[in-house]
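J.:
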Amino acid sequence: TETYGTDFLVRWLTAAAEAVDREADRLTELDSAIGDADHGANLKRGFAAVSETLAKEPPTTPGAVLTTAGRQLISTVGGASGPLYGTLLRRTGKALGDDERVTRAQLADALASGVAAVSQLGGAQAGDKTMLDALGPAVEGLRESFAAGRAAAEEGALATVPLRARKGRASYLGERSVGHQDPGATSSALLFAALDETAGA
Ligand code: ADP
Ligand code: MG
Ligand code: MG
């Protein structure tokens with residue numbers, strides 16, 4: 016079984032930061048339809064801080080990479096997505112513990128506890144048209160392969176289009192949130208695409 020070390024996690028989050036930077040305008044455009052048009056800017060700021068911190072003081076375990084990144088997101092992103100993604104990464108990092116190398120199965124298990132923590136913090140469930148609609152399926156897909164995790168996240172993000180938002184700002188729109196893709200589910204798909212790319216590189 017292949018194992019992944021600290022450097023892999025750093026490369027993942029650095030690739031995620033690049034993807035968020037590249038797609039920031041699209042994320043903001045999605046958020047302008049059913050939110051307040053800041054999702055791209057929020058994540059761009061947060062992930063720029065993450066990659067800067069990881070480059071400056073590289074943590075020494077995979078778990079510490081994720082907890083450090085999560086802390087950065089919480090402290091630099093003002094919107095709802097900061098604490099939510101921050102909690103995802105922090106809880107996932109804690110679940111990985113002090114291991115120097117982790118398997119894909121361990122990463123999937125750890126991410127599953129991170130996703131549960133996001134649901135607990137924000138009170139959202141599958142089908143509420145949030146990032147959880149991409150994150151949940153992505154983690155299940157990841158148990159099979161990095162590519163399956165990526166595909167499931169993308170499908171999950173697309174599947175938010177016909178849903179009515181029940182959490183977050185988009186829920187204020189009620190029925191008018193139907194017909195738009197959720198910004199947070201879309202950024203979650205970017206994270207799992209970056210993970211697959213990092214694994215394939
Ligand atoms: P804000 O809504 O505060 O401006 P962002 O625009 O950065 O924050 O993030 C919006 C995204 O956050 C939404 O598209 C949704 O995916 C996610 N989100 C909002 N509220 C919740 C929640 N309670 N649970 C899970 N995800 C949520
Ligand atoms: Mg917003
Ligand atoms: Mg906002």
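For the sequence shown, full-length UniProt numbering gives the first residue as 16, with consecutive numbering after it. Beta carbons: idealized from backbone N, C-alpha and C, even for Gly.
Buried or exposed for Val-176, please, with buried defined as at least 16 other CB atoms from any protein chain shown within 10 angstroms of its CB.
T.: Per the 10 Å Cβ criterion, exposed.
J.: Identify which residue in Leu-103, Ser-128, Arg-119 has its Cα closest to the Cα of Leu-81.
T.: Of Leu-103, Ser-128, Arg-119, the residue nearest in Cα terms is Leu-103.
J.: With H, G and I counted as helix, E and B as strand and the rest as coil, what does DSSP make of Val-130?
T.: Reduced to three states, the DSSP call for Val-130 is helix.
J.: For Leu-205 and Glu-169, I'd like the C-alpha separation in whole angstroms.
T.: Their backbone Cα atoms lie some 8 Å apart in a straight line.
J.: Are at least three pairs of beta-carbons, each pair with one atom in the region 105-116 and one in the region 50-68, less than 8 Å apart?
T.: Not touching, per the Cβ criterion.
J.: Less than 8 Å between the CB atoms is what I'm expecting for Leu-173 and Gly-164, so what's the real figure, rounded?
T.: Going by Cβ atoms, the distance from Leu-173 to Gly-164 rounds to 15 Å, so no, they are not a contact pair.
J.: Could you tell me the alpha carbon to alpha carbon distance between Pro-152 and Lys-71, rounded to whole angstroms?
T.: Roughly 33 Å separates the two Cα atoms.
J.: How many whole angstroms separate the CB atoms of Glu-155 and Ala-139, which I take to be in contact at a CB cut-off of 8 Å?
T.: That pair is no contact at about 17 Å.
J.: Could you spell out where the alpha helix (DSSP H) holding Thr-107 opens and where it closes?
T.: Run containing Thr-107: 96-111, per the alpha helix (DSSP H) assignment.
J.: Can you tell me whether Thr-43 is buried or exposed, with buried defined as 16 or more other CB within 10 angstroms of its CB?
T.: Classification of Thr-43: buried, given that the 10 Å Cβ count is 16 or more.
J.: Distance, Cα to Cα, Val-117 vs Ile-89?
T.: Whole-angstrom Cα-Cα distance: 25 Å.
J.: DSSP on Thr-175, reduced to helix/strand/coil?
T.: If DSSP states are grouped into helix, strand and coil, Thr-175 belongs with coil.
J.: Ignoring anything shorter than 4 residues, give me the alpha helix (DSSP H) runs that lie fully in the region 60-92, in order along the chain.
T.: For the region 60-92, whole alpha helix (DSSP H) runs of length 4 or above, ordered along the chain, are 77-91.
J.: Listed by chain order, which residues have C-beta atoms less than 6 Å from any heavy atom of ligand 4?
T.: This structure does not include ligand 4; its bound ligands are ligand 1, ligand 2 and ligand 3.
J.: Could you have a look at Thr-145 and say whether DSSP puts it in helix, strand or coil?
T.: Coil, per DSSP.
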